[in-house]
Amino acid sequence: MKLMKWLLAAALLTAANGAALADPKLVEIASFGEHPALNQVAEGFKARMSELGYVEGKDVTYGFQHANFDRSLVPQILQQVEAQHPALILAITTGLNQAAVRGITDKSIPVVFGAVVDPVVAGIVPDWQHGSGWSTGASMLPDFDASFDYLKKVLPEVKKVGTLFNPGEDNDTSNMELIHKAAAKAGIEIVGVPVDNPNDLPQRVQTFAGQVDAIFLIQSNVVQTSVPVVAQVAQRIKLPLFNSVYAPDLKDQLAGFHAISYRKNGEHAADIADRILKGEKPADIAPYVPKGEDFDAYVSPKGLAAVGLTVPEALKDSPWLLK
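Read left to right, the sequence shown gives residues -22 to -1, 1 to 301 (mature numbering (1 follows the signal peptide of the UniProt record, and there is no 0)).
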């Protein structure tokens, strides 16, 4: 009888292990829209998960939904994601994560955020030392002190810098507060122009003509989805344009980049996801704050030449130069 019980227990354990192996964990990825930078978050996340030992199709599977940058579609996207009962959700962008706080009712599903500038100001986590009861992740808090150090090396005489922001976005509000503080320390004046509709960008960029020495773009959804438009106007009014998001396809149109790596942001989000999937509680995991190695600096000789500028002599042999 004891042998029979032991055999039955062993069989049940084997079946359970087999089921576990047969049922990989589902990670749903929800993004505000498809954009090269945002896609890098998802790609970095999956690549890092693979490095951590999660074999796709065996240990983990991925779903992907996006709202095509349409706010009205976000609740529907989140409902679809929650309906899949995933082991974890990777939510990309500030607005989508704010909507997830309200829109996802099953708080047993952990949410890891990516591409969020300031999760505390956005109300996603209570402070920088803790996650919420169900959410934490990797922030993209900019280092504008380093950005202005970079800008002064490229444009030693820079005094006024223009930027565009959406006053209705918490992400943009945080960026503007931080850029003003860093500019004051650097002895630079910021000229901020509000824009909440991409169709208004050409006119708003035009207002910088004769008013600033350069334009530096923050991590703003409304702006980053239309950088080629901004670049065209900037070249027309002969202003060097710099971006906080690296876009290789625009390296000849922009003067340069001091950019946080969206791919590395996804990798850091994966490190946090791994901890959660192994049993840690989101509330016990502090949001990741970017370090120096999370930023990349580039200078485009062609982009500078397009507005009548040249690479400073001190940077002629710099690794920042784009080919």
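For every residue, glycine included, the Cβ atom is placed at its ideal position computed from N, Cα and C.
Computed from a prediction, not measured in an experiment: that's the story for all the values here.
Considering only the beta carbon of each residue, do residue i and residue j sit closer than 8 Å?
| i | j | result |
| --- | --- | --- |
| Pro88 | Ser117 | no |
| Thr71 | Asn199 | yes |
| Ile215 | Ala192 | no |
| Thr141 | Ile166 | no |
| Ser110 | Pro290 | no |
| Glu6 | Gly41 | yes |
| residue 302 | Val211 | Residue numbering for the chain in the displayed model covers -22 to 301; residue 302 lies beyond these limits and cannot be assessed. |
| Ala45 | Asn243 | no |
| Ala248 | Leu74 | no |
| Leu299 | Lys229 | no |
| Arg26 | Glu245 | yes |
| Ser152 | Val95 | yes |
Output needed for residue i: all residues of its chain with C-beta closer than 7 Å, excluding positions within five of it in sequence on either side, in chain order.
| i | result |
| --- | --- |
| Ile250 | Val90, Thr114, Gly115, Ala116, Ile263 and Tyr266 |
| Gly234 | Val132, Phe220, Tyr276, Val277, Ser278 and Gly281 |
| Leu(-2) | A caution first: Leu(-2) carries a pLDDT of 49, below 50, which makes its placement in the model unreliable, though a value can still be read off. For Leu(-2), where only same-chain residues beyond five positions count, there are no Cβ hits under 7 Å. |
| Val207 | Leu179 and Pro180 |
| Ala15 | Gln202, Val223 and Tyr240 |
| Arg51 | Here the sequence assigns Leu to residue 51, which means Arg is not the residue at that position. Answer for Leu51: Ala45, listed in chain order. |
| Tyr32 | Val38 |
| Gly11 | His44, Ala45, Asn46 and Phe47 |
| Ile157 | Phe122, Thr141, Ile168 and Ile196 |
| Gln184 | Val211 and Ile215 |
| Thr288 | Leu282 |
| Asp84 | Glu60 |
| residue 313 | No information on residue 313 is available, as it lies outside the stretch -22 to 301 that the chain covers here. |
Could you check which residue in the options has the C-alpha nearest to that of residue i?
| i | options | result |
| --- | --- | --- |
| Asp37 | Tyr240, Phe186 and Leu4 | Leu4 |
| Ala164 | Trp112, Arg49 and Phe122 | Phe122 |
| Lys269 | Pro120, Asp1, Gly11 and Ala100 | Pro120 |
| Phe47 | Leu287, Ala237, Gln202 and Lys301 | Gln202 |
| Thr39 | Lys24, Lys216 and Lys242 | Lys24 |
| Leu255 | Leu293, Ala209, Pro64 and Asp127 | Pro64 |
| Ile238 | Ile196, Asp105, Ala209 and Glu12 | Ile196 |
| Gln231 | Glu258, Phe273, Asp272 and Gly286 | Gly286 |
| Val103 | Val79, Val33 and Phe126 | Val79 |
| Ala161 | Val136, Pro172 and Val171 | Val136 |
| Lys138 | Pro218, Trp112 and Lys85 | Pro218 |
| Ala20 | Asp1, Glu271 and Gln43 | Gln43 |
| Gly22 | Lys294, Asp272 and Thr288 | Asp272 |
| Ser28 | Asp252, Ala292 and Ser296 | Asp252 |
| Ala77 | Glu155, Gly101 and Ser86 | Gly101 |
| Ala292 | Ile157, Pro134, Thr185 and Val183 | Pro134 |
| Ser86 | Asp148, Asp295, Gly257 and Ser296 | Gly257 |
| Arg182 | Pro172, Gln189 and Val190 | Pro172 |
| Lys130 | Pro2, Phe194 and Glu155 | Phe194 |
Leaving aside the five residues before and after residue i along the sequence, list all residues of the same chain whose C-beta is less than 8 Å from its C-beta, in chain order.
| i | result |
| --- | --- |
| Ile82 | Leu56, Val59, Glu60, Ile67 and Val89 |
| Gln107 | Ala264 |
| Asp105 | Val98 |
| Gln62 | Leu4, Glu6 and Gly41 |
| Gln189 | Lys138, Gly140 and Val169 |
In its own chain, which residues sit with a C-beta less than 6 Å from the C-beta of residue i, not counting the 5 before and 5 after it?
| i | result |
| --- | --- |
| Asp174 | Asn144 and Gly146 |
| Asp150 | Phe143, Asn144 and Ser198 |
| Ala284 | Gln213 |
| Pro53 | Gly81 |
| Tyr128 | His236 and Ala275 |
| Ser125 | His236 |
| Ala18 | For the sequence presented, residue 18 should be read as Gln rather than Ala. Hits under 6 Å: Tyr240 and Arg241. |
| Pro297 | none |
DSSP has residue i in a bridge; who is on the other side?
| i | result |
| --- | --- |
| Gln57 | Answer is none; Gln57 lacks a bridge partner. |
| Ile250 | Answer is none; Ile250 lacks a bridge partner. |
| Ile238 | Phe273 |
| Phe220 | Phe194 and Gly234 |
| Ala69 | Ala8 and Phe91 |
| Thr39 | Leu4 |
| Tyr266 | Ala116 |
| Glu34 | Val38 |
| Gly170 | Thr141 |
| Leu299 | Val277 |
| His44 | Ser9 |
| Gly105 | Looking at the sequence shown, residue 105 is not Gly but Asp. His108, per the DSSP bridge assignment. |
Under the criterion of a Cβ to heavy atom distance below 7 Å, does residue i qualify as lining the ligand ZN?
| i | result |
| --- | --- |
| Val139 | You won't find the ligand ZN in this model; it holds no ligand whatsoever. |
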